[in-house]
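Residue numbers (my numbering): 1 to 196.
Here is the structure we will look at, set down as structure tokens.
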Amino acid sequence: MKFEVPSLPYAKDALAPHISARTVEIHYEKHHKGYMKKLDAALASDDKRRAASLEELVRTSDGKVFNCAAQVWNHSFYWNSLSPEPKSPSSELMGAIEKSFGSFDALKSELKSVAAGEFGSGWGWLVRVNSTGELAVTSTTDAENPLPDNITPLLTLDVWEHAYYLDYQNERGRYLDALIEHLLDWGFASANFAKK
Ligand code: MN3
């Protein structure tokens, strides 16, 4: 298996006080790396799929391999969606935000409402719909992600309970406020938006 979980892009205590070092430690070391271990085990005797890229596996697999590969991909994307020193949107991204949502504040409020409304475990996303070029906010359930739908993810918010329960218990909304107000890195979203 050539896949490895990438290093965190910051120290484990860098997101505090909004996300504690203990949450990052368990989320990254146990959950994120745990999905990679399960993916390794699921592909142990499948040389063909072991040769695929992680993104190819996400796009073409189903069942357990999809679930593990997508959870590895989603978590790497999540860590990069957050930053202790988040940047603002590029002027190109801000233009698209205003076109699709009316204002940056309206987008933030939509992100919170859609991510908070995902019924169980899942993910909130800001995406570009490649067929129209419009931005949209969506949520997905469990390991599902927007990659197989010809949609380009720009940012993600993990709304599995393990992402916030130690810090916020059942209060998903307070966790989402902390992400949206303090940690979402619009510089990362701008770089993803610039990819054609
Ligand atoms: Mn998670």
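A virtual CB, placed ideally from N, CA and C, is assigned to each residue, including glycine.
Taking a C-beta distance under 8 Å as the contact criterion, Pro86 and Gly173 do not qualify as a contact pair.
As the crow flies, the alpha-carbon of Asp185 is around 6 Å from that of Ser83. Remark: C-beta atoms of Val129 and Val114 do not approach each other more closely than 8 Å. The secondary-structure analysis by DSSP pairs Gly122 across a beta bridge with Thr141.
Looking from the CA of Pro17, the closest CA among Arg59, Pro6, Leu166 and Ala189 belongs to Leu166. Residues whose Cβ lies closer than 6 Å to any heavy atom of ligand 1, listed in chain order: His27, His31, His75, Asp158, Trp160, His162 and Ala163. Under the three-pair Cβ rule at 8 Å, the stretch 149-169 does not count as touching the stretch 56-63.
It is roughly 20 Å from the alpha-carbon of Ala44 to the alpha-carbon of His31. Around the beta carbon of Gly122, a 10 Å sphere encloses 16 or more other beta carbons of the protein chains shown; the residue is thus reported as buried. Residue pairing from DSSP places Ala136 in a beta bridge opposite Val127. Per DSSP, the beta-bridge partners of Leu155 are Leu126.
Taking the CA atoms as reference points, His162 sits about 8 Å from Ile26.
Here Leu147 carries a helix assignment [DSSP, helix/strand/coil].
If the five residues before and after Leu126 are omitted, its C-beta is found closer than 7 Å to the C-beta atoms of Leu111, Leu135, Val137, Leu154, Leu155 and Ala189, all from its own chain and listed in chain order.
Sorting Phe77, Ala106, Leu8 and Ala42 by C-alpha distance to the C-alpha of Thr152 places Phe77 at the top. Within the stretch 25-76, the alpha helix (DSSP H) runs of at least 4 residues that lie entirely inside it are, in chain order, 33-42, 47-50 and 54-60. A Cβ-Cβ distance of about 7 Å is found for the pair Ala194 and Glu92, placing them in contact under the 8 Å criterion.
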